[in-house]
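This report concerns only the one structure given below.
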Amino acid sequence: MLVSELAASAAARATNPTTSGAVSAQGAPVAHAPLQNRASSSKNGFVRSGEHSLVKWQILDSDSIERARRENKLLFLHIGYKACHYCRLMAQESFRNAECAAVLNESFIPVIVDREERPDIDTVYMNYLQAVSHAGGWPLNVFVTPNMEPVFGGTYFPGPSTSRRVVAETGAEAGTETLDSLTVFKKVRDIWRDQETKCRKEASEILGQLREFAAEGTVGSRGTAASDPIATHVKSSSSSSSPPSSFGFAPGDVPECAAAGGGKSAHLSSELDLDQLEEAYAHIAKTFDPVCGGFGIAPKFLTPSKLAFLLYLNTAPSAVRDVVGEAECKHAAHMAVATLRQIRDSALHDHIGLTGFARCSVTRDWSIPHFEKLVVDNAMLLALYLDAWRSAGGTAESEFLDTVIELADYLTSPRIALPHGGLACSEAADSFMRRDDRDMKEGAYYLWTRREFDSIVNASGHDKQISQVAAAHWDVREDGNVDEEHDPNDDFIKQNILRVVRTAAQLSEQFDLPVHTIQQYIQTARNRLQARRDSDRLPPDLDDKVIAAWSGLGLSALAQTSTALTDVDRPKSQAYLSGALRIADFIRTNLWDASSKLLYRIWPDGRDTGGFADDYAYVIDGVLRLFGATGDESLLEFADELQKTQITLFHDPQAGGFFSTTPTTQHTPIRLKEGMDSSLPSINALAAANLFRLAALLDDDTYASLATGTVNAFEAEMLQYPWLFPGMLIVVAKARLGSESTEPVPREVEYKKRREKAKVPPLQ
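Using full-length UniProt numbering, the first residue of the sequence shown is number 1, and each one after it goes up by one.
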């Protein structure tokens with residue numbers, strides 16, 4: 001209803017000004033105290049960015065929801081993150097506009113939310129938006145009832161005084177026209193006033209449909225809760241707002257559930273087998289872009305889980321290759337490696353500072369990024385390039401070693417590895433072109449005109465050839481290298497986004513120079529551009545909040561890299577191990593409460609935000625990887641403690657698997673259980689992998705049973721759409737093939753031998 005209504009003429013609305021809100025028995029609007037901006041009460045940087053806005057931002061809490069209910073208003077949820085270009089743009093164009101702010105303040109309860117702090121809220125409403133519009137991205141703007149039911153949503157709405165066209169992350173083509181924010185705000189206000197009953201009915205129906213969609217992994221094939229000892233425990237303890245001090249386990253005990261659900265969860269479903277890997281491969285191969293790498297056309301994303309699956313196929317045991325096919329497994333590796341080469345050479349890569357990669361490309365050929373750099377993306381890329389390097393031979397001469405070292409250096413650099421040991425969150429998309437500029441521009445820190453490029457590289461006037469070689473290498477053109485069709489708002493006129501279009505070998509032929517000379521020229525140009533950038537430009541804003549889940553992925557990648565480089569580059573190996581140890585120590589000191597056995601998501605926020613299931617899963621994985629690198633048994637004990645808490649707070653005793661939120665997480669309209677991979681690894685796939693690993697290390701049948709139950713929970717979905725579950729399929733293969741499918745980790749092997757020799761009982 002609302003989508004079509006919004007497309008109607010705005011002229012009629014201009015002749016019928018209205019106000020919304022509760023009315024008295026006599027029909028007159030009820031006067032309410034004006035909103036006061038509460039953004040400053042938050043410790044979150046993105047939320048606090050609205051502190052001086054004309055919009056009277058509220059925070060997501062019971063007070064805001066109760067006020068919406070009392071005044072009979074919709075909440076306007078503005079969900080974004082600090083590094084986001086379009087979030088900053090909307091704040092500038094719409095939330096500084098007096099008329100927009102007046103409508104929001106008078107007719108809605110405007111609430112600002114950091115998606116990185118509340119991924120549960122973000123995921124629910126992104127699912128809604130993608131379901132109704134087949135589009136997504138940030139900022140995510142959703143109008144919801146006081147019951148948190150979605151009425152209407154969208155992404156970036158241009159300000160009323162702008163004529164910008166949207167270059168969307170998903171679901172819309174470059175230059176797509178969209179309604180301006182003021183039109184949207186007024187129309188939603190009017191429809192809520194005139195058709196509230198219909199809005200509520202449709203919103204309730206939509207939320208019901210979302211709940212059905214979210215039933216993924218909640219049916220499963222297991223028995224009832226009554227037959228499950230874990231279910232009995234959770235049922236008795238989940239009514240409390242905080243778990244008991246023992247987290248439901250008697251001191252020194254792990255719950256007995258080897259026969260949970262009539263024993264069905266103790267064994268992997270017979271329907272789940274290696275055949276699903278072949279089906280997933282075939283579907284992924286159909287979407288591969290043989291020209292530019294990646295999958296689909298545009299926009300292009302990093303798709304780490306998909307690439308990890310393809311790399312796995314080529315190194316998997318013979319049983320997997322027999323089912324999928326030798327030629328197919330080789331082609332899987334080709335797709336992954338070709339994509340990783342394209343990303344390495346693309347405009348997503350900072351070719352001057354060598355400081356990681358942006359998060360996605362607007363174009364098919366990876367030539368125009370969204371410039372924000374998320375630390376979590378770079379952590380996952382490190383793990384991917386590490387796998388690709390090992391597949392290429394894992395020697396000092398093997399391809400991708402330089403990219404592995406660059407990414408690990410970035411994650412351990414002073415800018416990202418903060419003094420207290422935690423990992424920063426992200427670097428912003430927008431920045432100043434020069435230190436004395438007043439207005440930020442998207443990607444300004446990374447852009448160069450040809451004139452500027454030549455004046456820096458050939459500053460002496462005697463290095464024209466160096467400038468020519470470097471320009472040919474990075475596609476630097478006189479008129480800029482961004483096509484007009486991809487620049488609908490003229491943001492990149494005459495600007496160049498550096499990307500590798502000619503290799504040193506190709507340039508050697510073009511300029512009739514030795515390859516080593518070409519390489520020297522490129523490095524000289526890089527050094528000069530870096531020096532100028534350091535002196536004349538301010539780096540993008542850093543979001544220095546620490547996220548437990550993302551730190552866990554960084555910890556995992558650095559620990560694996562340290563182990564892999566031990567015999568190739570020992571100093572680097574030690575540096576990365578030190579970085580991993582600092583992250584682990586930070587998590588234990590600042591995000592883990594040893595007395596209550598609770599993990600917190602965000603630092604610093606006064607431990608206001610409890611950890612979600614992804615925080616536990618990713619941190620457990622990182623801690624186990626670090627245990628594999630060091631053999632420090634205190635890390636194994638820590639992983640075991642984290643795992644017990646994750647089971648208590650998130651495990652589904654009826655169908656298996658892990659919900660993303662606890663039963664008491666506030667303001668979440670749907671309790672999701674996610675098995676599919678997204679831009680991040682599947683929570684349940686990683687949880688299952690962690691459980692299998694802990695089961696093997698601790699000789700614990702309980703953990704093994706929970707692991708198989710977690711996989712079985714998604715049986716129906718995996719059988720129907722296996723390509724959406726690449727992470728879980730790797731777990732299925734490893735569970736089917738046992739030790740044959742897993743490369744032994746020396747420290748873990750040593751630990752298990754010591755335990756067996758000493759006959760030490762499982763950790764309690």
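Idealized CB from N, CA, C, for every residue including glycine.
Inter-residue distance for N690 and V362 is about 35 Å (C-alpha atoms, whole angstroms). Taken through DSSP and simplified to helix, strand or coil, Y125 comes out as helix. Under the rule that a run must span 4 or more residues, no alpha helix (DSSP H) segment is found entirely inside the segment 419–456. Under the three-state reduction of DSSP output, V745 falls in the coil class, being neither helix nor strand.
Between C199 and P299, the C-beta spacing is not below 7 Å.
Secondary structure at G657: coil, using DSSP grouped into helix, strand and coil. Residue state for D543 is assigned as strand, using DSSP reduced to three classes.
Segment contact: the segment 368–381 against the segment 535–554, three or more CB-CB distances shorter than 8 Å; contact assigned.
Counting along the chain, the unbroken alpha helix (DSSP H) around I206 starts and ends at 196–213. Contact between the segment 728–747 and the segment 269–280 is established, with three or more Cβ pairs separated by less than 8 Å. For secondary structure counted as the beta strand (DSSP E) over 3 or more consecutive residues, the segment 483–550 holds no complete run. C-alpha of T589 to C-alpha of L698: approximately 25 Å in a straight line. Shortest Cα-Cα distance from P726 to any of A280, L272, F638 involves A280. The Cβ atoms of T155 and G137 lie closer than 7 Å to each other. In this structure, M335 keeps its C-beta atom at 7 Å or more from the C-beta atom of L302. DSSP lists V111 as the beta-bridge partner residues of Q58. With fewer than 16 other beta carbons inside 10 angstroms of its own, N527 counts as exposed.
R601 is positioned such that its CB atom lies closer than 7 Å to that of A548.
Within the same chain, V124, L210, R211, A214 come within 7 Å of I670 by CB-CB distance, once the 5 residues on both sides are set aside. T412 is the residue among T412, Q342, W366 whose C-alpha sits nearest the C-alpha of V375. The C-alpha of V546 is placed about 43 Å away from the C-alpha of T517.
Secondary structure note for F143: its beta strand (DSSP E) is the uninterrupted segment 140–144. Here the alpha carbons of L129 and P139 stand approximately 12 Å from one another.
Between S64 and F95, the CB-CB gap reaches or exceeds 7 Å. About 5 Å separates the CB atoms of T708 and L268; that is less than 8 Å, so the two are in contact. Beta-bridge pairing by DSSP links D593 to L598.
With respect to the 7 Å criterion, R499 and D479 are not classified as neighbours on the basis of their beta carbons. Following the DSSP letters along the chain, one finds H473 inside the alpha helix (DSSP H) bounded by residues 464–474. In this structure, A417 sits near G579, with a CB-CB distance shorter than 7 Å. Between the segment 88–108 and the segment 638–652, the count of Cβ pairs shorter than 8 Å is below three; the stretches do not touch.
The three-state secondary structure of H349, taken from DSSP, is strand.
Contact between the segment 652–671 and the segment 708–725 is present, with at least three C-beta pairs closer than 8 Å. Between S660 and F714 a beta carbon distance of about 14 Å is seen, past the 8 Å cut, so the two are scored as non-contacting. Around the beta carbon of G738, fewer than 16 other beta carbons lie within 10 angstroms, which makes this residue exposed. DSSP places L274 in no beta strand (DSSP E); its state is neither H nor E. Across the structure, F288 and F295 are spaced so that their CA atoms are roughly 5 Å apart.
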